Amino acid sequence: MRRRRLPRIAALSGADAALARHVAVHSPVAAGPAALTWTLTLLAEGGGPLAESRTTSPDFPVPLADIAQVHLDVVGLVQAGEWEPVPVRGGGVRFQAPVRVAPLG
């Protein structure tokens, strides 16, 4: 069975982005000697994935909010709560935070 490919976060329409309830940041993978690639997923009510993007950052402590907010800004969302660890099947952890549509203005 092939996995359905998700659209990039930046490709979501405003109406589709408004369905997002959480942003998840998955464990990074090495992208060279001094960089990490992070996968971010927007999740709808109930946890179903809406869109996914990847971003690379230097390999030093970067706040999850800084990694995610760039992608949220593009579709008019803001973080609306704290980051929480979520265990994933097969071991490991991802972190997720609630999101909402950014206020106008």
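Heads up: the sequence shown at position 49 corresponds to 151 in our numbering, and the numbers run straight through without jumps.
Glycine included, every Cβ here is placed at the ideal spot set by N, Cα and C.
This one's a predicted model, so the numbers in the text were calculated from it and none came from an experiment.
A straight line joining the alpha-carbon of Val-127 with that of Pro-205 spans about 23 Å. In terms of Cβ geometry, Ala-137 and Asp-161 form a close pair [threshold 7 Å]. Rounded to the nearest whole angstrom, the CA to CA distance from Pro-189 to Ala-146 is 18 Å. Secondary-structure assignment with DSSP links Val-203 through a beta bridge to Leu-179.
Gln-181 is positioned such that its CB atom lies no closer than 7 Å to that of Val-164. With a 10 Å radius around the Cβ and a threshold of 16 neighbouring Cβ atoms, Val-177 comes out buried.
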